[in-house]
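In full-length UniProt numbering, the protein residues as written are 1 to 237. Just so it is clear, CB atoms sit at the ideal spot from N, CA and C, and this is done for glycine as well. This structure is a prediction, so every number in the text was calculated from the model and none was measured.
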């Protein structure tokens, strides 16, 4: 078993254990492997170990990987854009990705809908929430979720699937859980209004257990699977 396959097995075990501790099934939690800054060969190793959902933070890098696998005839991968999205790069996301986790304003949502090719299914989108009220982070205030959700759900080429958040780093489990619980409450409320809403993208390597306990349905794990990243190689920074 190679390192990536071994790492994936360990992460899956942690997800299963965390789900079991709170009375959930591991199948309720999707593992999104964050492959940013990693080569296509690393994605191939993860694919060989059964991974199919991948997250990318940088538009051009993600598009290059998507095209690489399309050219090889690989059609069963799911690509999620999880980084901040600038208006001038919305078309590339609309044309190539299956999901966008970082919708935080109507302008971006409208562009994604208008630029989504007619031959593709609606783009799955999540509303990003700034749950920790960090000035440096993207995302809307929790109080603004309902208004933006109503606007996004009305756009013809988008499918509103739920919420995403990147909480401020916190080492204590109780504090991690408290923040995750706030997101879970917002998610539960949103689900009552929109039948398509089924995804809470919450939890990374350091707070995954608390996120799962609170009700996350998708965790975003990168370094624990692919190893440390070399950001100097990315041209989009």
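Is it buried or exposed for residue i, if we count other Cβ within 10 angstroms and need 16 for buried?
i: residue 80; result: buried
i: residue 8; result: buried
i: residue 45; result: buried
i: residue 56; result: buried
i: residue 193; result: exposed
i: residue 237; result: A caution first: residue 237 carries a pLDDT of 41, below 50, which makes its placement in the model unreliable, though a value can still be read off. It counts as exposed.
i: residue 35; result: buried
i: residue 120; result: exposed
i: residue 172; result: exposed
i: residue 216; result: buried
i: residue 50; result: exposed
i: residue 254; result: This structure cannot settle anything about residue 254, because the visible part of the chain is limited to 1 through 237.
i: residue 169; result: exposed
i: residue 72; result: exposed
i: residue 143; result: exposed
i: residue 201; result: buried
i: residue 37; result: buried
i: residue 109; result: buried
So, with DSSP's three-state summary, where would you put residue i?
i: residue 226; result: helix
i: residue 125; result: strand
i: residue 31; result: strand
i: residue 14; result: helix
i: residue 131; result: coil
i: residue 237; result: Any reading at residue 237 must be qualified, since the residue scores a pLDDT of 41, below 50, and its modelled position is unreliable; the value itself is stated next. DSSP places residue 237 in coil when its eight states are reduced to three.
i: residue 24; result: coil
Who are residue i's beta bridge partners in DSSP?
i: residue 199; result: 162
i: residue 218; result: 30 and 201
i: residue 140; result: 129
What whole-angstrom Cβ distance do residue i and residue j have, given they're in contact under 8 Å?
i: residue 183; j: residue 163; result: 6 Å
i: residue 147; j: residue 177; result: Their Cβ separation, rounded to whole angstroms, is 28 Å, which puts residue 147 and residue 177 out of contact at 8 Å.
i: residue 4; j: residue 53; result: Actually they are not in contact, since the Cβ atoms of residue 4 and residue 53 sit about 15 Å apart, beyond 8 Å.
i: residue 59; j: residue 89; result: 4 Å
i: residue 77; j: residue 100; result: Their Cβ separation, rounded to whole angstroms, is 16 Å, which puts residue 77 and residue 100 out of contact at 8 Å.
i: residue 98; j: residue 127; result: About 17 Å; that fails the 8 Å criterion.
i: residue 186; j: residue 214; result: Going by Cβ atoms, the distance from residue 186 to residue 214 rounds to 11 Å, so no, they are not a contact pair.
i: residue 87; j: residue 157; result: At roughly 17 Å, the Cβ-Cβ gap does not stay under 8 Å, so residue 87 and residue 157 are not in contact.
i: residue 221; j: residue 24; result: The pair is not a contact, with the Cβ atoms about 17 Å apart (cut-off 8 Å).
I want to check one thing, is the minimum distance from the CB of residue i to the heavy atoms of the ligand SAH below 6 Å?
i: residue 102; result: Looking for the ligand SAH in the displayed structure turns up nothing, as the structure carries no ligands at all.
Inset, instruction - Entirely within the segment 32 to 109 and at least 3 residues each: give me those beta strand (DSSP E) ranges in chain order. - result: 53 to 56, 78 to 81 and 99 to 103
Legend entry - Contiguous beta strand (DSSP E) assignments of at least 3 residues, all confined to the segment 161 to 190: none
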